[in-house]
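K.L.:
After the structure tokens below, expect a handful of questions from me.
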Amino acid sequence: MAEPLTRLTVEQVDGAQRIRTVMVIDEASVAFLADSGRLNSFYNSETGDLWLLDHERQLAQKINREEVQIFADRLANEVAKFEASIASLPEDEKVLAMKRFEQLFERANQRAAGQVDRFVPQDRAGEFAGIPCQWHDMIEHQNSGDKLVGIACLAETHIVAQGQALASFFSDLAAFSKIVKDADTGPIEFPVIGNLLALPSGPGMMAIKISNSPDFSNLRADMEVISASTESHSSVQHLIPKGYRKLRFSESL
54 MAEPLTRLTV EQVDGAQRIR TVMVIDEASV AFLADSGRLN SFYNSETGDL WLLDHERQLA
114 QKINREEVQI FADRLANEVA KFEASIASLP EDEKVLAMKR FEQLFERANQ RAAGQVDRFV
174 PQDRAGEFAG IPCQWHDMIE HQNSGDKLVG IACLAETHIV AQGQALASFF SDLAAFSKIV
234 KDADTGPIEF PVIGNLLALP SGPGMMAIKI SNSPDFSNLR ADMEVISAST ESHSSVQHLI
294 PKGYRKLRFS ESL
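Taken in order, the sequence shown gives residues 54 to 306; the numbers are from the numbering used here.
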């Protein structure tokens, strides 16, 4: 019996480049294909596993909540060891050692995707690729106060027929970030796999269009769903190419 399948073509600005990705959603999976049709990643909503394909190294990495927890615990343990190693230093040397430690990761953290702490409704509607959405301000909490970092047009995941699989995918992405955030990793921020459509990370919400402010350029968040289609299919199989090595994420660290 045929099951519905939804294809969303997403265009994202990366510097001077415009990158298109096709998001294929069925009842049990969410897959991302390059514009050429090559599979880049896929998520199984029944197992909670996300597979990331590295075509250059012919490698497929499996990420799930358990794997991210293993990483977070391992990273927190290493940070604790470092902090213990400088505990016996004189105070001025201790401060200098910690400052240098933080500086090691400062630039990498600046390049990491920014965060959005709150979405504030603008009370105006939008529509992209035939998908209705509501505009929101994207607010980031900073020490100096709240900062507007861009705007996003949000829709509910049930707008697509396979909204349950999509909501499961976004929920796991949010859980990955929370696991690492809750671990005591000091100044080290792990760039957990994310997806701009999942930026709201709220229950049943997705971003259809994002426009970043100049101050939010490190996120490279200018994104839009430019086409959407629904079709019938008998079955879709997202297969790891023959000859690719399969590794759990914790095994590749």
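In this text, a Cβ means the ideal position worked out from N, Cα and C, and glycines have one as well.
#1: To the nearest angstrom, how far is the alpha carbon of residue 63 from that of residue 153?
#2: Among residues of its own chain, excluding the 5 on either side of residue 270, which ones have a beta-carbon nearer than 7 Å to its beta-carbon?
#3: Closest by CA to residue 293, which one among 77, 107, 143, 196?
#4: What three-state label does DSSP hand residue 291 in the structure shown?
#5: Once you ignore the five residues that flank residue 205 on each side, which residues in its own chain have a CB closer than 6 Å to its CB?
#6: Compute the distance between the beta-carbons of residue 57 and residue 209, then report whether it is under 9 Å.
#7: So, helix, strand or coil for residue 110, using DSSP?
#8: Would you say residue 198 lies against chain D (beta-carbon separation less than 9 Å)?
#9: Starting from residue 235, follow the alpha helix (DSSP H) in both directions and report where the run begins and ends.
#10: For residue 79, is the classification buried or exposed, using 16 other Cβ atoms within 10 angstroms of its Cβ as the cut-off for buried?
#11: Under the DSSP definition of a beta bridge, which residues are partnered with residue 138?
#12: By Cβ distance below 7 Å, which residues in the same chain neighbour residue 214 in space, the five residues on each side in sequence not counted?
P.N.:
Quick look at the numbers:
#1: 40 Å
#2: Because the pLDDT of residue 270 is 46, which lies under 50, any placement of that residue in the model is unreliable, and the question is left without a value.
#3: Nearest C-alpha to residue 293: 107.
#4: Coil, per DSSP.
#5: So the list reads 189, 191, 260, 263, once near-sequence residues are dropped.
#6: no
#7: coil
#8: No chain D is present in this structure, which holds just one protein chain.
#9: 216-235
#10: Burial call: buried.
#11: BP columns for residue 138 are empty, so no partner.
#12: 57, 59, 283
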